[in-house]
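> My questions all concern the structure below.
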Amino acid sequence: MTKVQVVENGVQAMEKIESLQTEGFLKEEIYLFAHDEDRSEHLTEATNTGEVGIGEQGVFSAVGNLFKKRGDELRSKFESLGLSKQEAENYERELDKGRLVLVACK
0 MTKVQVVENG VQAMEKIESL QTEGFLKEEI YLFAHDEDRS EHLTEATNTG EVGIGEQGVF
60 SAVGNLFKKR GDELRSKFES LGLSKQEAEN YERELDKGRL VLVACK
């Protein structure tokens, strides 16, 4: 089961993370995305949520992301969590607007 939430800021992200936990998701099953890589890393650490790594993406995708532009990297990560190409593009556009995207996967 995959659930996606779009929020405006870190405070809203924390509220949604708590809500997702109430629904039965573990923090490690919740991934937080921001277009700015530093913001994404900071919020992931602050919320203690999961990071999309080799386990989710596979070795080739993870290595390939090292050479991609940020938007391409984000879309690839969304797809590795089970979102369609169209969904990944839509959520990447939300990130372009400065929003945060939470993806919860079981």
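FYI, in numbering that gives the first Met the number 0 the residues of the sequence shown are 0 to 105. Quick reminder that beta carbons are idealized off the backbone N, C-alpha and C, glycines included.
Between the alpha carbons of Tyr-97 and Asp-71, how many angstroms are there, rounded?
Looking at the sequence shown, residue 97 is not Tyr but Gly. Gly-97 and Asp-71: Cα-Cα distance of roughly 16 Å.
> In whole angstroms, give me the CA-to-CA distance for His-34 and Tyr-90.
10 Å
> Based on DSSP bridge pairs, tell me the residues matched to Phe-32.
Val-100
> Would you mind sorting Leu-25 into buried or exposed? The rule is 16 or more other CB atoms within 10 Å of its CB.
exposed
> Note the first and the last residue of the continuous beta strand (DSSP E) segment covering Lys-84.
Looking at the DSSP string, Lys-84 is not in any beta strand (DSSP E); the run it does join, the alpha helix (DSSP H), is 84–95.
> Compare the beta carbon distance of Leu-101 and Val-6 with 8 Å and say whether it is the shorter of the two.
yes
> Expressed to the nearest angstrom, what Euclidean distance is found between the alpha-carbon atoms of Ala-12 and Leu-99?
7 Å
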